[in-house]
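**Student:** The following block contains the structure, expressed as structure tokens.
Protein chains: 2
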Amino acid sequence: MAKNFTSREEDYSAWYNELVAKADLAEHSAVRGCMVIKPYGYAIWEKMQAQLDKMFKETGHENAYFPLLVPKSLFEAEEKNAEGFAKECAVVTHYRLKTDPNDKTKLIVDPDAKLEEELIIRPTSEAIIWNTYKGWIESYRDLPLLINQWANVMRWEMRTRLFLRTAEFLWQEGHTAHATKDEAIAESEQMINIYSEFAQNFMAMPVIMGKKSDSERFAGADNTLTIEALMQDGKALQAGTSHFLGQNFAKAFDVQFTNKEGKKDFVWATSWGVSTRLIGGLIMTHSDDDGLVLPPNLAPIQVVIVPIHKGEEQLDQISEKVKGIKSLLEAKGISVKFDNRDTYKPGYKFAEWEFKGVPVRIAMGPRDLENGTVEIARRDTKEKTSHNIEGVADIIEALLTDIQDNLYNKALNYRNEHITEANSWDEFKELLETKTGFISAHWDGTEETEEKIKQETKATIRCIPLDAKEEAGICVFSGNPSTKRVLFAKAY
Amino acid sequence: MAKNFTSREEDYSAWYNELVAKADLAEHSAVRGCMVIKPYGYAIWEKMQAQLDKMFKETGHENAYFPLLVPKSLFEAEEKNAEGFAKECAVVTHYRLKTDPNDKTKLIVDPDAKLEEELIIRPTSEAIIWNTYKGWIESYRDLPLLINQWANVMRWEMRTRLFLRTAEFLWQEGHTAHATKDEAIAESEQMINIYSEFAQNFMAMPVIMGKKSDSERFAGADNTLTIEALMQDGKALQAGTSHFLGQNFAKAFDVQFTNKEGKKDFVWATSWGVSTRLIGGLIMTHSDDDGLVLPPNLAPIQVVIVPIHKGEEQLDQISEKVKGIKSLLEAKGISVKFDNRDTYKPGYKFAEWEFKGVPVRIAMGPRDLENGTVEIARRDTKEKTSHNIEGVADIIEALLTDIQDNLYNKALNYRNEHITEANSWDEFKELLETKTGFISAHWDGTEETEEKIKQETKATIRCIPLDAKEEAGICVFSGNPSTKRVLFAKAY
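And the structure:
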């Protein structure tokens, strides 16, 4: 299957698009910018969801569901938020179709079914949720309110890319309400830490936690925390954000509570989200010129077993052995597929599962039957070894851990090698052209400088790392004084 | 909490609405007909989802995700389907808002951002999915295609009711493609059986499986199978449907495959779905004048433990004992909440958890501490008993099974007592007025008669039961000959 497949070096963007298609992850639909997530791609999302949902619940959050549509007047209420999303909104204006009087086989919008007030398909749900919270919060006893929603959202993006940027995408959005500013800030920090932990331990994708600059902040937030990952082509990917919303939405929707002292105050808020974009990040962190590479902790199929046989009888003998191995692996919580399709040859199956990134392949042929062995191949390094069937489950279990660690370390090394300090404007520009990756540079803290750098180089401030140390320096662009390095990169 | 709560006898409809609100299940939103599903209500949906998803996967189905929006031209393709849903469609016509030039704080729809083709928010996804399947199916090797989607859908209903009928609702929709007619029919039967099993074993809600009459069939289907439940007020609820779609969608979207003999043929299809409506059915099957009653198999909290204490020290002693009980129960997979809030008194907590339908309540007070006992109360019968702490986990486990069975049997008895044969038109009308429930009657098989009965009595044919026996008779309305009894009822 890796034939007719563009290599990363040839054209990274074509490589990505072809990989998503050939690995059966997703495809474009008949609706501009909206994707179909195919079963194999969706199975990765289900793994991500299950783990994140567990982490959210362990930290006291509950799920709920709020309407898809937002009345325009509610959408307007928080001004900055509205401004930030108004230009990419799908708008519902009518609620009925009727038969076209000129062509009975066609439907037209019924002009008599025009809505009094237009409805927006949620680009994010702060407005509808805070309008709802107004009815839920009266006193400090109702706080904190820790709610998450799994949902589809829509932003009318002009340039779309499967998983990375689509008009409709799936995500989770947490929306919490707190009695104090400190509590809300702590919540926003807790959630970016959860995202970071998830990215590192499950996606095997190292991330840098940081704060967004004012211009890159979420529309309506007082502060935005982000996790930033580095893709193999040296471009950054914003993988998740957590916002401290201050009292902005509480004020816009008049959500006040009575505190323990009997005084009224506006509620403090956070929101935080990750989306199907993570699948794009997963692909671009690990995959290679032979297709997808999946970390075991998120692989829908962790182990595939392929029989190599001539005739029914041999297949029966192999199947018998495989049954035992499969149940031992499953008892350890490992997901196993026995690919006994008779419509495809072993070579085809090998190529298919390799392309689909299954971490471990077990093959069993006539000689293995004789010797009581199997051949084990790992997807990440392509290493193949032969093992006795006895004890194979323990070996596979250890191997999966090893693959998970190896993928993380490889990505971490790459990322660390691609954080480079630039101390002059020429250095900055040259790094962007030659080495790519994150550029750690002093910045004078003004939006003006940020904007000029972006215009000249397309690089943006990805974040001000949380662990950035205080260090006197001069801005790489303006020469003005600076106290900290920030990370620049071209980004998805 | 059961104060200020309308009883079922007083006003069943008010009872339902108040229950949904007071048990914190859902509420109306700012968008006409769209609901907010609150955390406790959503937790029930999550339990339903988890179980159904398991059953779907065990029968070989995979999940995927298709776009929310359907281009009008695709929507039109299957004529009957389009006709069936055209009158209740939310239509997206624009993709951008802009600042109102007359009032800078307001937004208006940008007339320059009008879509060339209108987009419909999916009322169901056959059109977009079959347009996609066209690219996925070439040969018999690609079949069967067994896909399910968990999604939100929208139907612009005029009269809405929380859970039972809302403009937006959550559901799952299965869409399968098969090489033969028989296989597709078998799939549609398998899925209605899965729904029936789920309703009976998890919801403790008895259902009758049957076939819909032509006029009640899904728009675009050749046959619709249904499960019909009976609510406590004698009205029926259609709880799930499974459709054999013939080759209608394959023909509308030109989806052909090459069979083993190398010949081309149109693909055979099914679709099947259940929705958040099930939560409405769950409520109306078991709940009483003291609030919600939940079957243990779907209760988000199966056991609540309430301490009755004076002062911190007693609470500490009780907490110590509770910790042991809780972990024993959790080891058995039972979900337990220890309600140690210090902001509410035990009486308030008792009333709250009773209203929320938690199947088992354990209370522990000072005397229990002395005696090494707990008080166990079951929600369904209100029975209270005292037990030694030792062995209490086994007792609770058995009790949960007993409650599940008791609820099912109670509902089954009620349902069976409310299936009555009518052999004359007068009998039919009288039964509808006095006894309500399902009326088993002969029908001449014509749409005309069905329509007249509906107009005169509001009763519809709920289904032609799959196990209806052949029996010569005369139609209760027209007097024409009939070979089978069908079930009539007023319905939600």
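Chains P and X supply the protein sequences, listed in that same order.
Heads up: the first sequence begins at 1 in the numbering used here, then just goes up one per residue.
Heads up: the second sequence begins at 1 in the numbering used here, then just goes up one per residue.
Glycine included, each C-beta is placed from N, C-alpha and C at the ideal position.
Whose C-beta lies closer than 7 Å to the C-beta of residue 18 of chain X among residues of the same chain, with five residues either side of it excluded?
**Tutor:** Only 5 and 6 meet the Cβ criterion.
**Student:** Measure from the alpha carbon of residue 327 of chain X to the alpha carbon of each residue in X:119, X:81, X:392 and X:275, then state which is nearest.
**Tutor:** Out of X:119, X:81, X:392 and X:275, X:392 has the C-alpha closest to the C-alpha of residue 327 of chain X.
**Student:** Which ranges does the beta strand (DSSP E) cover as unbroken runs of at least 3 residues, wholly within the segment 340-405 of chain X, from first to last along the chain?
**Tutor:** Segments of the beta strand (DSSP E) lying fully in the segment 340-405 of chain X: 360-364, 373-378 and 384-388.
**Student:** Note down the Cα distance separating residue 399 of chain X from residue 253 of chain P, rounded to an integer number of angstroms.
**Tutor:** Looking at the two C-alpha atoms, the distance is approximately 46 Å.
**Student:** Kindly give me the distance between the Cβ atoms of residue 77 of chain P and residue 97 of chain X, rounded to whole angstroms, as I take these residues to be in contact under 8 Å.
**Tutor:** With a Cβ gap of about 14 Å, residue 77 of chain P and residue 97 of chain X do not count as contacting.
**Student:** Using beta-carbon positions only, say whether residue 162 of chain X and residue 20 of chain X come within less than 7 Å of one another.
**Tutor:** In this structure, residue 20 of chain X lies closer than 7 Å to residue 162 of chain X by Cβ.
**Student:** From this set, P:186, P:231 and P:280, which residue's C-alpha is nearest residue 224 of chain P's C-alpha?
**Tutor:** If we check each option's Cα against that of residue 224 of chain P, P:186 comes out closest.
**Student:** Residue 123 of chain P: which of P:168, P:474 and P:32 sits nearest, CA to CA?
**Tutor:** Taking only the C-alpha atoms, the option nearest residue 123 of chain P is P:168.
**Student:** Using a Cβ-Cβ distance under 7 Å, would residue 480 of chain X count as near chain P?
**Tutor:** No, its Cβ sits nowhere closer than 7 Å to a Cβ of chain P.
**Student:** Given a threshold of 16 other Cβ atoms within 10 Å of its Cβ, counted over all protein chains shown, does residue 104 of chain X qualify as buried or as exposed?
**Tutor:** Burial call: exposed.
**Student:** If you run the structure through DSSP and keep just helix, strand and coil, what is residue 434 of chain P?
**Tutor:** In this structure, residue 434 of chain P counts as helix in the three-state DSSP scheme.
**Student:** Which residues in chain X have a C-beta closer than 7 Å to the C-beta of residue 106 of chain P? List them in chain order.
**Tutor:** Chain X residues near residue 106 of chain P: 76.
**Student:** Taking beta-carbon pairs under 8 Å, can you tell me which members of the segment 84-101 of chain X lie near chain P?
**Tutor:** Listed in sequence order: 86, 87, 88, 89, 90, 91, 92, 93, 94, 95, 96, 97, 98 and 99.
**Student:** Pull up the CB-CB distance for residue 176 of chain X and residue 147 of chain X, whole angstroms please, since I reckon it's below 8 Å.
**Tutor:** With 8 Å as the limit, residue 176 of chain X and residue 147 of chain X qualify as a contact, their Cβ atoms being about 7 Å apart.
**Student:** Please state the DSSP three-state secondary structure of residue 65 of chain X.
**Tutor:** Reduced to three states, the DSSP call for residue 65 of chain X is strand.
**Student:** Tell me the DSSP secondary structure of residue 35 of chain P in three-state form.
**Tutor:** If DSSP states are grouped into helix, strand and coil, residue 35 of chain P belongs with the strands.
**Student:** Between residue 311 of chain X and residue 372 of chain X, what straight-line distance do the alpha-carbon atoms span, to the nearest angstrom?
**Tutor:** Roughly 19 Å separates the two Cα atoms.
**Student:** Give the residues of chain P in contact with residue 141 of chain X, contact being defined as C-beta atoms less than 8 Å apart.
**Tutor:** Ordered by position in chain P, the residues that pass the 8 Å Cβ test against residue 141 of chain X are 343.
**Student:** List, in order along the chain, the chain X residues whose C-beta lies closer than 7 Å to that of residue 39 of chain P?
**Tutor:** Result: 62, 63, 64 and 147.
**Student:** Going by alpha carbons, who is nearest to residue 244 of chain P out of P:325, P:258, P:461 and P:270?
**Tutor:** Per the Cα distances, P:270.
**Student:** Assuming residue 357 of chain P and residue 294 of chain P form a contact by the criterion Cβ under 8 Å, report the distance between their Cβ atoms to the nearest whole angstrom.
**Tutor:** Right, the Cβ-Cβ distance comes to about 4 Å (below 8 Å), so this counts as a contact.
**Student:** Which partner residues of residue 172 of chain P appear in the DSSP bridge assignment?
**Tutor:** BP columns for residue 172 of chain P point to P:150 and P:274.
**Student:** Within 10 angstroms of the Cβ of residue 23 of chain P, are there 16 or more other Cβ atoms? Answer buried if so, exposed if not.
**Tutor:** Under this definition residue 23 of chain P is a buried residue.
**Student:** Just checking my contact of residue 272 of chain X with residue 246 of chain X at CB under 8 Å: how many whole Å lie between their CB atoms?
**Tutor:** About 15 Å; that fails the 8 Å criterion.
**Student:** Do residue 38 of chain P and residue 50 of chain P have their C-beta atoms within less than 7 Å of each other?
**Tutor:** No, these two residues do not count as a Cβ contact at 7 Å.
**Student:** Where DSSP assigns a beta bridge to residue 307 of chain X, which residues make up the other side?
**Tutor:** DSSP lists X:364 as partners of residue 307 of chain X.
**Student:** For residue 420 of chain X, which three-state DSSP category applies?
**Tutor:** Residue 420 of chain X: strand per DSSP, three-state reduction.
**Student:** Measuring CB to CB, does residue 275 of chain X end up less than 7 Å from residue 171 of chain X?
**Tutor:** It is a contact, given that the beta carbons lie within the stated cut-off.
**Student:** Taking 7 Å as the CB-CB limit, is residue 132 of chain P close to chain X?
**Tutor:** Chain X, which has a Cβ nearer than 7 Å to the Cβ of residue 132 of chain P, makes this yes.
**Student:** Going by C-alpha distance, which of P:248, P:201, P:309 and P:469 is nearest residue 282 of chain P?
**Tutor:** Of the listed residues, the one whose Cα sits closest to residue 282 of chain P is P:201.
**Student:** Residues of chain P with CB closer than 9 Å to the CB of residue 72 of chain X, please, in chain order.
**Tutor:** Under the 9 Å cutoff, chain P gives 97, 106, 107, 108 and 109.
**Student:** Taking Cβ positions only, does residue 335 of chain P come closer than 7 Å to chain X?
**Tutor:** False, the Cβ-Cβ gap to chain X never drops below 7 Å.
**Student:** What does residue 261 of chain X reach in chain P if we use C-beta pairs closer than 7 Å?
**Tutor:** By Cβ distance, chain P contributes nothing, its closest Cβ being about 15 Å from residue 261 of chain X, past 7 Å.
**Student:** Look at the Cβ atom of residue 92 of chain P, then the Cβ atom of residue 92 of chain X, and state whether they are nearer than 7 Å.
**Tutor:** Contact: yes.
**Student:** Between residue 319 of chain P and chain X, is the shortest Cβ-Cβ distance under 7 Å, so that the two count as touching?
**Tutor:** It does not: the Cβ of residue 319 of chain P has no partner Cβ on chain X nearer than 7 Å.
**Student:** By DSSP's criteria, residue 99 of chain P is part of a beta bridge. Which residues make up the other side?
**Tutor:** Paired residues: P:107.
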